[in-house]
């Protein structure tokens, strides 16, 4: 045998790196560079339209070699900055054949999606969708309701049933919520690690104590795996793999677990500052917890995920030449 | 971004799977009892040049990228056949990097063909994770090192031919700057081995040295220069340190056992199995990161530490969850859960403890000096 270049590569394609850079610049411009700037930014129509101009939603609806991978990377950046609004929900419904799709892509109409009567962002959305045991349907608003994650949620009720592939919508939703969680989790870790490096107690930085450092390191380990799984799920969606929904579901479970762990570790690392109502962590950790709890929920995923999902990252499942370079 | 194997890698994986058909059931991976058959297995690997896949061609190897060794030992782990032998890994790769021409001529060929088994002599009763504090001493007199002291936790030393010994040749307080690596014949006079049974059924040993003589030409690399060599050899072996298919094999054992028992009808068990399946995927993801991080030493060490931590957490979670499913049959010898529970406990100690691995991630990954 003669050696050849290793086949595995985790390097993102150039267009994905460029898109991530553009999303980072967008967030700095529109949400502020510092966490305390970003936490004060609420959902608004103008903000939503400016995000749509970035092209994220349009890309997510455009069949292409790397459309979902680009979407995934963009959502990681928006999650890191805690962008407010029904991002994952919109990415999910952008997969539907619907006359309103151009308006969603341009940010002129705002869709959202839920799995139960309580739906995130329902109070600000124009178009409501519901996925439950009866399939996909449109929904009607019943009224707004305050929730833990402050997502401008609302109570909704089932309206007209819709034809369409529920599995595909769910797969897109799981991938998107997972990517957002990966970004948010990384934000928690960066914030807490910076504090642990600079805050001194007992004569040294608190990050030198393993009791402080280890939960952050463990969260990082979880997030690194979740990020790769989420990107793999996006690639599986791009490739039309039949098992993409299971991989996206597994990625979401991994991401949710890691992001919540990172959030709780950040709360603890920042001490009392970390539990202030207007502190740097709670505004986003509450949202991540809400996404984990709302249907389609993590609990529901654990009840339905294929027990063969353990093999979904087997390199043998990827055909030669499917790489994105 | 590419998550599939190349044609060449896939073809090699196919060869490995075909070869393994004759060896399934060897089960050394968990028990370590039939050493004659294990030797025969390593010699069969050697006959196919598979113990030297990553060695340079000029040293008798195949010159292949690390992924080939990964593929080999990943499948071995799934089949629970064997772990990578110390001889063809750390020992040979250190000799290749730092040995003299004469040492290469003497040691590499019998290692390449699977003739020699080595045991690792690093830990001591007073020096475990903090190896720089070890005290076993080697003094050079008339062309021979005279070794005194003791080692502990050396796996399978009672069956091995040689010991890869880390010992102090510098001043008592020289820490990492006073350590050397010697190859010690385990049948040397004045060397005594005391085997100890582990919970898993494997054996590790305490080794006592009482004026044991070691020829000077069995020191590899410069005197007092072992620390740098050990770091280099650790880096050489990162990609096979903990194969993800070991985790997959454990998961499938427990899942299939639970299904056979009808336990999945309990929604709590069902959800736990799904959670464990996600843990398996996380380990595969970490393996990808290890395999693709070779270009950056810091990234590579963080990826390897994260991989070890994730994999040991996962196998322990799998084994311990099985005991929590509420089926007393999990406790019996016939259930895979019995052995996995016993065996997985040691995996977070050997090859770098969970605490050391997490510390590496905290330091190199987050800049926290914990």
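Residue numbers (this note's numbering), protein chains in the order written: chain A, 20 to 344; chain B, 92 to 461.
We put the CB at the ideal spot given by N, CA and C, even for glycine.
- Taking all protein chains shown into account, residue 221 of chain A has fewer than 16 neighbouring C-beta atoms within 10 Å of its C-beta and is therefore exposed.
- From the beta-carbon of residue 87 of chain A, no residue of chain B is found nearer than 8 Å; the closest lies around 12 Å away.
- Residues of the same chain with a CB within less than 7 Å of the CB of residue 128 of chain B, apart from the 5 flanking positions on each side, are 117 in chain order.
- Beta bridge pairing from DSSP links residue 255 of chain B with B:211 and B:274.
- With at least 16 other beta carbons inside 10 angstroms of its own, residue 165 of chain B counts as buried.
- Residue nearest to residue 304 of chain A within the set A:130, A:102, A:159 and A:133 is A:102 (criterion: CA-CA distance).
- Secondary structure note for residue 245 of chain B: its beta strand (DSSP E) is the uninterrupted segment 235 to 246.
- CA-to-CA, the gap between residue 413 of chain B and residue 275 of chain A works out to about 24 Å.
- The Cβ of residue 140 of chain A sits no closer than 8 Å to any Cβ of chain B.
- In summary, the residues of the region 307 to 340 of chain A whose CB is separated from some CB of chain B by less than 9 Å are 318, 320, 321, 322, 323, 324, 325, 326, 327, 328, 329, 330, 331, 332, 333, 334, 335, 336, 337, 338, 339 and 340, in the order they occur in the chain.
- For residue 183 of chain A, no alpha helix (DSSP H) encloses it, and the DSSP letter there is neither H nor E.
- The three-state secondary structure of residue 290 of chain B, taken from DSSP, is coil.
- Residues of the region 27 to 38 of chain A with a C-beta atom less than 7 Å from some C-beta of chain B are 27, 28, 29, 30, 31 and 32, listed in chain order.
- In the three-state DSSP reduction, residue 173 of chain B falls in the coil class, being neither helix nor strand.
- Taking 8 Å as the cut-off, the beta carbon of residue 298 of chain B is found closer than this to the beta carbon of residue 284 of chain B.
- Put simply, of A:229, A:115, A:141 and A:159 the residue whose alpha carbon is nearest the alpha carbon of residue 190 of chain A is A:115.
- The criterion of a C-beta distance shorter than 8 Å is satisfied by residue 257 of chain A and residue 84 of chain A.
- Residue 306 of chain B has B:235 as its beta-bridge partners, per DSSP.
- Between residue 173 of chain A and residue 159 of chain A, the alpha-carbon positions lie close to 10 Å from each other.
- Chain B has no Cβ within less than 8 Å of the Cβ of residue 219 of chain A.
- Residues of the region 364 to 378 of chain B with a C-beta atom less than 7 Å from some C-beta of chain A are 364, 365, 366, 368, 369, 371, 372, 373, 375, 376 and 377, listed in chain order.
- If you compare the alpha carbons of B:226, B:171 and B:289 with that of residue 245 of chain B, the shortest gap goes to B:289.
- Contact between residue 86 of chain A and residue 120 of chain A is absent: CB atoms are separated by about 14 Å, not below the 8 Å threshold.
- Scanning A:77, A:99 and A:29 for the CA closest to the CA of residue 40 of chain A turns up A:99.
- Against residue 124 of chain A, chain B offers no close residue; the least beta-carbon distance is about 25 Å (beta-carbon pairs closer than 8 Å).
- For residue 418 of chain B, no alpha helix (DSSP H) segment is defined, and its DSSP state is neither H nor E.
- In the three-state scheme derived from DSSP, where H, G and I count as helix and E and B as strand, residue 288 of chain A is classed as helix.
- For residue 148 of chain A, the enclosing beta strand (DSSP E) has its first and last residue at 146 to 151.
- The contact set of residue 362 of chain B on chain A, defined by CB atoms closer than 8 Å, consists of 318, 321 and 322 in chain order.
- Not a single unbroken stretch of the beta strand (DSSP E) spanning 3 or more residues falls wholly within the region 288 to 331 of chain A.
- Measuring C-alpha to C-alpha distances from residue 82 of chain A to each of A:52, A:278 and A:113 identifies A:113 as the nearest.
- Taking every protein chain shown into account, the CB of residue 449 of chain B has 16 or more other CB atoms within 10 angstroms, so this residue is buried.
- Contact annotation: in the region 423 to 453 of chain B, residues whose CB is within less than 8 Å of a CB in chain A are 446, 449, 450, 452 and 453.
- Contact of residue 401 of chain B with chain A by beta-carbon distance below 7 Å involves 240 and 244.
- Distance from the Cα of residue 243 of chain A is smallest, within the candidate group B:379, B:280, B:318 and B:115, for B:379.
- With a cutoff of 8 Å on beta-carbon distance, residue 168 of chain B and residue 334 of chain B are scored as near each other.
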